[in-house]
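All the letters of the sequence shown, read from the start, carry residue numbers 7 to 529 under my numbering.
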Amino acid sequence: MSSLTPLPTSERKAPVPGGPRGIDRLLSRIERAGNALPNPILLFTGLFVLLAVVSTVLALVGVSVTVPGADETKKVTGLFTGEGMRWLLENFVPNFATFPPVAAVLLMIMAVGVAEKTGLLETVMRATLARAPRALLPYLVALVACQAHVMSDVASIVLPPLAAVVFKSAGRHPVAGLIGGFACVGAGYAAGFTLGSLDALYVGITQQAASVLPGGTDQHLNLLVNYYFTAASSLLLGLLGGFLISRVLEPRLGPYQVSADEPEEQNLALTPAQRRGLLLTGLVVLVYAAVVLFLWLPAGSPLRGEGGALVPSPLLTGIVPVLFGAFILAGLTYGITVKALTGSESVVTAMSDSVKTMSGYLVLMFVAAQVIALFNWSNVGVLLAVKAAAGLQSIGLTGFWVVTGFVLLVSALNLFIVSGSALWSLVGPVFVPAFMLLGMSPALSQAAFRIGDSATGIITPMNPYVFLTLALLRQYEPEARLGTLISRLSIFVVPFLTVWLAILSVFYGFDLSLGPGAHIGLE
7 MSSLTPLPTS
17 ERKAPVPGGP
27 RGIDRLLSRI
37 ERAGNALPNP
47 ILLFTGLFVL
57 LAVVSTVLAL
67 VGVSVTVPGA
77 DETKKVTGLF
87 TGEGMRWLLE
97 NFVPNFATFP
107 PVAAVLLMIM
117 AVGVAEKTGL
127 LETVMRATLA
137 RAPRALLPYL
147 VALVACQAHV
157 MSDVASIVLP
167 PLAAVVFKSA
177 GRHPVAGLIG
187 GFACVGAGYA
197 AGFTLGSLDA
207 LYVGITQQAA
217 SVLPGGTDQH
227 LNLLVNYYFT
237 AASSLLLGLL
247 GGFLISRVLE
257 PRLGPYQVSA
267 DEPEEQNLAL
277 TPAQRRGLLL
287 TGLVVLVYAA
297 VVLFLWLPAG
307 SPLRGEGGAL
317 VPSPLLTGIV
327 PVLFGAFILA
337 GLTYGITVKA
347 LTGSESVVTA
357 MSDSVKTMSG
367 YLVLMFVAAQ
377 VIALFNWSNV
387 GVLLAVKAAA
397 GLQSIGLTGF
407 WVVTGFVLLV
417 SALNLFIVSG
427 SALWSLVGPV
437 FVPAFMLLGM
447 SPALSQAAFR
457 IGDSATGIIT
467 PMNPYVFLTL
477 ALLRQYEPEA
487 RLGTLISRLS
497 IFVVPFLTVW
507 LAILSVFYGF
517 DLSLGPGAHI
527 GLE
């Protein structure tokens with residue numbers, strides 16, 4: 007850990023002069039490079055124009071591509087041709103209207119929004135952490151943080167300060183809870199037993215990217231294609247995060263001393279109404295889950311697939327509305343019990359407010375949908391995928407080495423493009439079909455992307471929640487600087503990347519399913 011910036015001592019001395027300057031210079035370069043990039047919407051608009059020009063040029067010179075193992079040769083078609091103009095006019099609206107991530111993400115956002123606005127999700131976290139034994143507290147914080155993507159970006163706002171308060175009430179260093187909570191939320195963001203809008207976003211883009219190749223639409227993709235992998239990862243990453251918080255981060259902070267500028271200690275105890283709300287909510291969700299399983303598991307049940315198969319089945323392909331119902335029931339039950347919901351109007355308001363925050367996402371998805379559709383229609387996507395797969399094979403980069411290289415590439419790009427939707431829309435249409443040509447399933451490429459899209463996001467100044475965490479840190483350490491915060495967060499990056507890649511290597515090496523019906527290789 008010698009590369010870390012010297013941390014303030016218990017006497018609250020300023021950092022060693024010159025200590026953080028190297029880190030500050032590096033962060034400044036990353037920030038300048040990231041700021042030089044256009045807004046993701048403009049980035050995809052430029053990519054669409056570039057793709058239109060390239061497709062037209064390739065079409066004029068008669069470029070074609072043959073997919074290995076397929077008899078058909080595909081010609082590249084250009085957008086700036088008569089055929090291309092007709093296609094664009096006829097499909098401009100359907101490209102967006104039928105883009106898989108949009109409807110699924112909005113549906114999940116509405117449902118989770120009700121649970122979040124009523125206070126259910128925060129209450130669950132409080133109930134989980136408030137009475138945890140002092141020795142187990144770092145591990146529990148890390149484990150909860152690795153499930154927190156169900157709350158979307160709200161997790162980065164709610165959990166870190168809550169973890170700081172819980173640590174302080176347990177006699178531990180609150181800064182360890184604050185920084186450890188934020189680090190585990192971000193570095194383990196795409197892991198977890200929980201499912202949310204992030205999963206809907208990933209699988210929707212993966213589905214579109216897979217359709218670049220002939221037969222790609224036959225892949226059975228659903229919200230659970232990475233579930234076994236993410237569930238197992240969240241357990242191991244939770245243990246790793248707890249170890250790093252308690253054995254690496256907290257000892258470096260020195261003895262904790264109260265500052266006059268610190269926020270007042272909060273009462274973490276749940277009210278009788280909150281406890282009653284959690285109990286009733288748990289019972290309602292259990293009954294709901296029992297009904298769903300009854301409609302799926304027994305022989306002859308209506309939610310079984312063709313020939314009575316459990317996988318694939320209507321339940322898995324329709325898991326989004328099933329989860330929508332679960333979150334709505336949970337939010338309504340808790341909200342009515344604690345009187346956070348006063349009528350139907352408050353429910354509509356909670357759902358509407360959640361969707362309002364997605365306006366930027368909708369604009370991005372509109373442009374991304376056009377780019378991916380043009381990739382597919384023009385056959386440039388097929389051409390790039392075939393060339394990429396052939397290039398990887400020509401340099402001997404195959405098997406899990408390809409996966410590792412992809413994770414590292416995404417990790418590097420994540421320093422500059424922190425939006426998961428933008429980044430996956432950018433790299434997915436090339437690497438998903440390229441991996442398929444190498445015999446790897448779309449579920450595997452999506453699992454690899456989850457790793458790269460998580461770990462490095464906590465150390466880039468392009469992440470706005472880094473600055474929020476810095477503001478919270480200054481309540482405990484007024485002299486703290488960005489370099490100080492990044493140096494502490496950096497201890498999580500390499501261990502999380504390494505362990506998460508090791509977990510994926512076990513799934514890959516033993517050919518374990520990444521989720522229900524989601525294999526490592528193509529079926």
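The beta carbon of each residue, even a glycine, is placed where N, CA and C say it ideally should be.
Compute every distance between the C-beta of Pro320 and the non-hydrogen atoms of the ligand FMN, then say whether any falls below 7 Å.
You won't find the ligand FMN in this model; it holds no ligand whatsoever.
Going by DSSP in three states, Thr212 sits in which element: helix, strand or coil?
Thr212: helix per DSSP, three-state reduction.
Under a Cβ-count criterion, where at least 16 other Cβ atoms within 10 Å of its own Cβ denotes burial, should Ala20 be classed as buried or exposed?
Model confidence at Ala20 stands at a pLDDT of 36, short of 50, so the residue's coordinates are unreliable; what they give is reported in the following sentence. Around the beta-carbon of Ala20, fewer than 16 other beta-carbon atoms lie within 10 Å, marking it exposed.
Entirely enclosed beta strand (DSSP E) segments - the segment 51 to 109, minimum 3 residues:
70 to 72, 79 to 81
Thinking Ile115 and Ser360 are a contact (beta carbons under 8 Å), I'd like their distance in whole angstroms, please.
So it is a contact: roughly 5 Å between Cβ atoms.
Ordered list of alpha helix (DSSP H) runs contained in the segment 451 to 528, each at least 4 residues:
470 to 479, 488 to 495, 499 to 515
Hey, how far is the Cα of Ser70 from the Cα of Val99?
28 Å
Consult DSSP for Met157 and reduce its assignment to one of helix, strand or coil.
helix
Does Ile325 pass the burial test, meaning 16 or more other C-beta atoms within 10 Å, or should it be called exposed?
buried
Are the CB atoms of Ile465 and Ser496 within a distance shorter than 8 Å?
yes
CA nearest to the CA of Pro522, picked from Leu429, Ser352, Gln225, Pro467:
Gln225
Distance between beta carbons of Leu444 and Ala395, contact taken as under 8 Å:
With 8 Å as the limit, Ala395 and Leu444 qualify as a contact, their Cβ atoms being about 5 Å apart.
In terms of DSSP beta bridges, what is Met446 paired with?
DSSP lists Gly527 as the beta-bridge partner residues of Met446.
Exposure label - Arg310; buried when at least 16 CB within 10 Å:
buried
Return helix, strand or coil for Val344, following the three-state DSSP convention.
coil
Burial state of Phe54 (16 or more Cβ within 10 Å):
buried
Other residues of its chain near Ala279: CB distance less than 8 Å, five sequence neighbours each side excluded
The beta carbon of Ala279 lies closer than 8 Å to those of Thr343, Val344, Lys345 in the same chain, with the five residues before and after it left out.
If you draw a straight line from the alpha carbon of Ile423 to that of Leu303, how long is it in whole angstroms?
42 Å
Cβ of Ala193 within 8 Å of Cβ of Ser239?
no
Under the three-state DSSP convention, the category Ser217 falls into
coil
For Thr124, which of helix, strand or coil comes out of DSSP?
coil
Report buried or exposed for Thr404, applying the criterion of at least 16 other Cβ atoms within 10 angstroms of its Cβ.
exposed
Between Thr504 and Leu347, is the Cβ-Cβ spacing less than 8 Å?
Cβ atoms of Thr504 and Leu347: not closer than 8 Å.
Output the boundary residues of the alpha helix (DSSP H) element that contains Gly244.
It spans 233 to 249 - the alpha helix (DSSP H) in which Gly244 sits, taken as one unbroken run.
In its own chain, which residues sit with a C-beta less than 6 Å from the C-beta of Tyr233, not counting the 5 before and 5 after it?
Gly521
Taking all protein chains shown into account, decide if Asp205 is buried (16 or more other Cβ within 10 angstroms of its Cβ) or exposed.
buried
Opening and closing residue of the alpha helix (DSSP H) in which Val290 lies
278 to 300
4 or more residues per run - each alpha helix (DSSP H) lying fully within the segment 316 to 340:
320 to 323
Let me check understanding here. Comparing Cα to Cα, which of Ala305, Cys190, Gly463 lies closest to Gly247?
Cys190
Every unbroken alpha helix (DSSP H) inside the segment 179 to 205 [4 residues or more]:
Within the segment 179 to 205, the runs of alpha helix (DSSP H) at least 4 residues long that lie entirely inside it are, in chain order, 180 to 193.
Tell me which residue opens and which closes the alpha helix (DSSP H) that Pro257 is part of.
From DSSP, the alpha helix (DSSP H) with Pro257 extends over 256 to 259.
Residues near Phe102 in its chain [Cβ-Cβ closer than 6 Å; skip 5 each side]
Phe372, Ala375
Using the rule of at least 16 other Cβ atoms within 10 Å of the residue's Cβ for burial, across every protein chain shown, is Phe513 buried or exposed?
Classification for Phe513: buried.
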